[in-house]
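Input: a single structure, listed below in structure tokens.
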Amino acid sequence: MHLIFIAAFVFTAPSLAQKLVDPNSVAPEFRDAAEKRRAEQIRVVECNRRANEAKVLPRDRTAYLNHCLEAAGEK
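This note's numbering runs 17 ahead of the 1-based position in the sequence shown.
As structure tokens, this is what we get:
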């Protein structure tokens with residue numbers, strides 16, 4: 018019983034991740050918005066990587082990510 022549950026979770030976990038937007042795969046009129054969205058997604062992924070490297074506790078993770086994203090937006 019437990020093996021079935023674990024197997025089901027393992028096979029569905031990768032599908033939960035949000036994929037990066039490819040600006041070339043959208044209609045030309047939406048390409049600018051897709052490029053902005055991709056840049057935002059890359060900033061979020063980078064901040065998550067930094068939080069993982071810094072071993073930020075789950076309770077402090079949101080504040081850390083918000084601070085990181087604000088700092089990335091100022092650059």
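C-beta: ideal position from N, C-alpha, C; glycine also. Here the structure is a predicted model, which means the values were calculated and not measured.
- In the assembly as shown, valine 62 is an exposed residue. Its beta-carbon has fewer than 16 other beta-carbons within 10 Å.
- Cβ atoms of valine 38 and arginine 54 come within 8 Å of each other, at about 5 Å.
- Within the same chain, Ala51 come within 7 Å of valine 43 by CB-CB distance, once the 5 residues on both sides are set aside.
- Alanine 68 sits close to leucine 82, with the two beta carbons spaced by under 8 Å.
- Exclusion of the five residues before and after arginine 78 leaves Ala68 as the residues of its chain whose Cβ lies within less than 8 Å of its Cβ.
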